[in-house]
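Read in order, the letters of the sequence shown are residues 4 to 80 in the numbering used here. Quick reminder that beta carbons are idealized off the backbone N, C-alpha and C, glycines included.
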Amino acid sequence: MYPTEESQPHYICIDKACRVLRTAIANGSWDIWKKTTRFIVDSYHYINHRTLAYLCRKWCNPWSIEWFCSKSCQSCS
4 MYPTEESQPH
14 YICIDKACRV
24 LRTAIANGSW
34 DIWKKTTRFI
44 VDSYHYINHR
54 TLAYLCRKWC
64 NPWSIEWFCS
74 KSCQSCS
């Protein structure tokens with residue numbers, strides 16, 4: 004679907020992004036995606052997720068703009 008790193012989106016927002024991320028880590032494809040793309044959940048999922056779900060809380064936060072700014076937003080610098 005995305006043959007090159009340049010064609011990969013900066014964000015993929017999906018309700019169960021934490022499951023997608025967990026699967027990508029387990030099957031080894033995260034090494035390809037982590038350079039270019041952030042998997043995020045919608046705000047409803049994030050707010051209602053258990054605080055013990057570290058993977059989701061840490062890596063799928065829809066309000067985390069630090070990663071976005073470092074990758075694609077010069078005005079954040």
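Other residues of its chain near residue i: CB distance less than 7 Å, five sequence neighbours each side excluded
{"i": "Leu58", "result": "Cys21, Leu24 and Arg25"}
{"i": "Ala27", "result": "Trp33 and Trp36"}
{"i": "Glu8", "result": "Lys38 and Thr39"}
Cβ distance (whole Å) where residue i is taken to contact residue j below 8 Å
{"i": "Thr40", "j": "Ile15", "result": "6 Å"}
{"i": "His48", "j": "Asp18", "result": "6 Å"}
Test item: CB-CB of residue i and residue j under 8 Å
{"i": "Pro65", "j": "Ile43", "result": "yes"}
beta-carbon residue i near the ligand COA non-hydrogen atom, thresh 7 Å
{"i": "Pro12", "result": "This structure does not include the ligand COA; it has no bound ligands of any sort."}
Own chain, CB closer than 6 Å to residue i, minus 5 neighbours either side, in chain order
{"i": "Ser46", "result": "Pro65"}
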